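Residue numbers (the working numbering): 341 to 481. Working notes, beginning with the structure itself.
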Ligand SMILES: Cc1cc2nc3c(=O)[nH]c(=O)nc-3n(C[C@H](O)[C@H](O)[C@H](O)COP(=O)(O)O)c2cc1C
C-alpha cells in the first residue's frame, strides 16, 4: 500500500504490488506507479509517500485502494495512522515514511525511489496477490 496526502490534507491510498527494497545503506525502496494514477501526481507534488506491507487480514483495505478513487468511497479512519507525519496503514506488518530521492520514467509508469526516514514494524502473515486473488503463503513441503 502506498499512501500520500492530497492538497486539502486528505489521505490518499493506492494498492501496489510493484514494490521492492533497493538499498540497505542508505535504506531505499521503490514503487512503480502508472502515470494515470492519482497517486502519481501526489507523490510528484509532495515528494513523499508512505509504504505499508499489509497482512492477510487486511484484504479489504487492499481492495478498497485498488478501486478507482471516484468509486471507492471513504476508508474507515481506524485503518489509517501516521508515521512521522506521513499517513500509513494501521496494524500493517511494516510501515515506512519515505522521501523521494529519484524518479525514473519507464514507459507509462514511473519508478519512484524513496529513502526510508522512519519505520514501524508490526507482525502478521503477508498479504499475497496471486492469480488475480488475494491470499497468503502456505508452508512449503
Ligand atoms: C494487487 C494489485 C496491485 C497493484 N499494483 C499496482 C502498482 O504496483 N502500480 C500501479 O500503478 N498500480 C497498481 N495497481 C492498480 C492501482 O491500485 C489502482 O489503479 C488504484 O485505483 C490507483 O489509485 P489512484 O489513482 O488513486 O492512485 C494494483 C492493483 C492491484 C489490485
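For glycine and all other residues, C-beta sits at the position ideal for the given N, C-alpha and C. These numbers come from a predicted model, not from an experiment.
Residue i: buried (16+ other C-beta within 10 angstroms of its C-beta) or exposed?
i           : result
residue 395 : buried
residue 471 : exposed
residue 434 : buried
residue 408 : exposed
residue 388 : buried
Note down, in chain order, each residue of its chain lying with its Cβ closer than 7 Å to the Cβ of residue i, except the 5 sequence neighbours on either side.
i           : result
residue 366 : 455
Where residue i and residue j are concerned, what is the direct C-alpha to C-alpha distance, given to the nearest angstrom?
i           : j           : result
residue 362 : residue 412 : 31 Å
residue 400 : residue 419 : 10 Å
residue 442 : residue 453 : 5 Å
residue 438 : residue 425 : 11 Å
Apart from the five residues just before and just after residue i, which ones in its own chain have a Cβ nearer than 8 Å to its Cβ?
i           : result
residue 360 : 369, 370
residue 415 : 351, 353, 401, 404, 405
residue 476 : 396, 465, 466, 467, 468
Might you give, ordered along the chain, the residues of its own chain that have their beta carbon closer than 6 Å to the beta carbon of residue i, omitting 5 neighbours on each side?
i           : result
residue 436 : 391, 456, 459
residue 440 : 387, 452, 454
- prompt: Are at least three pairs of beta-carbons, each pair with one atom in the region 386 to 400 and one in the region 461 to 469, less than 8 Å apart?
  reply: yes
- request: Specify whether the region 343 to 363 and the region 379 to 390 touch according to this definition: at least 3 beta carbon pairs, one from each stretch, less than 8 Å apart.
  value: yes
- prompt: Mind pulling the beta strand (DSSP E) runs of 3 or more residues that sit fully within the region 384 to 424?
  reply: 388 to 393, 420 to 423
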